[in-house]
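Numbering (our numbering), first residue to last: 4 to 314.
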Amino acid sequence: MEERTSYLVVGVFVLAAAVVTVGFTVWIAGGRNADSMTNYTVMFDRDISGLTLGSPVRYLGVDVGEVVTIDLTTNQSTRVSVEVTVAAATPIHEGTYGSLAYQGITGVAFINLAADQGEFPPLAPETDGEYPVIPTRDVGLAALFAQSGDITAELGMLLSQANNLLGEDNQISLTRTLANVELLSDTLVGERELLAALPQRLVTTLDDLQDMMAQVRDLMDQAQPDLLAATEQLNQATANVAQLTDRVDRWFQANEESLDSFVAAGLGELPGLVADTRGALRELDKFLTDARADPSQFIYRPQRTAVQVAP
């Protein structure tokens, strides 16, 4: 009986010691966690379906806290205010932003924190004593869902354009185009022998062209000395003309007074000279006319007839 009593006392003592140890550990851990956590407010301008109290808060995918409260604010516009508690060691500053993310195919929502590159000052609390506010951005699937309205509108416009493209008029044009393509294909099939010979003809033409260019080069090489000589002669003739012009100009300058006297004296007899010339031309014309009419009179002389004198 005494042995059972001693076992019971020992068991109660051990159980009490374990309870005290666990309670002390929980108290120490709770106090430490309370001292190492910091609260922030994350503001959302969009639907946060799937996010609930206790949803995890992660920094670059690492669990650093959880969602504490979710409220609506209607100060300026309707927004969703989410209060989160985050480990104090988390590097949150003015470059930090939050986004709504979903885990796996189950769609469990959580808040993911990230930061821009660079150095930023710590995130300061609001002036009214509220928790510091972490801005939000739409990234990943959240950005896709946020733009779903625009994507739907663009898809509708694309479908409308496709319907216009496949309209009756375009179908007729497409049918004609396909018929023309088929006709062209049949024509090419019928002329396949000619088309097969085209490359060889092209090669032959290029060879002939190369031969002709070689002949032209040879001709130019042969004619080059003559061209050079002609060029030199032309340059010499040009120089001679220039010299002659210079000489004539100097002669006119030297005989300017004599020329003036000749023109003044000779122009007075010019009308008589012109009249005599015209008379001579008329006589010459008459002579040529008679010669054309009877050229024999200039070749054969007429026989002289005797002149009888009366006694």
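Ideal Cβ positions, reconstructed from N, Cα and C, are used throughout, including at glycine.
>> Ignoring anything shorter than 3 residues, give me the beta strand (DSSP E) runs that lie fully in the segment 22-98, in order along the chain.
In response: 40-47, 59-62, 65-76, 82-90
> If you check the beta carbons only, do G68 and V89 fall under 8 Å apart?
Replying inline: yes
> Bridge partners of V136, per DSSP?
Replying inline: T44
> Can you give the beta carbon distance from F47 to R82, rounded, assuming they're within the 8 Å contact cut?
Replying inline: 7 Å
>> Helix, strand or coil, according to DSSP, for F255 in the structure here?
In response: helix
> Would you report the Cα separation of E260 and V251, rounded to the nearest angstrom?
Replying inline: 15 Å
> In or out: G64 buried (at least 16 other Cβ within 10 Å) or exposed?
Replying inline: exposed
>> Going by DSSP in three states, Q400 sits in which element: helix, strand or coil?
In response: What is shown of the chain runs 4 to 314, which leaves residue 400 out entirely.
>> Quick check on the burial criterion: 16 or more other C-beta atoms within 10 angstroms. Buried or exposed for G101?
In response: buried
> Rounded to the nearest angstrom, how far is the Cβ of G132 from that of G98, given a contact under 8 Å?
Replying inline: Their Cβ separation, rounded to whole angstroms, is 23 Å, which puts G132 and G98 out of contact at 8 Å.
>> Distance check for A19 and P128, CA to CA, integer angstroms please.
In response: 45 Å
> So what does DSSP say about Q164, is it helix, strand or coil?
Replying inline: helix
>> Rounding to the nearest angstrom, what Cα-Cα distance links V22 and Q106 in this structure?
In response: 38 Å
>> Going by C-alpha to C-alpha distance, which of V111, V142, G159, P125 sits closest to T41?
In response: P125
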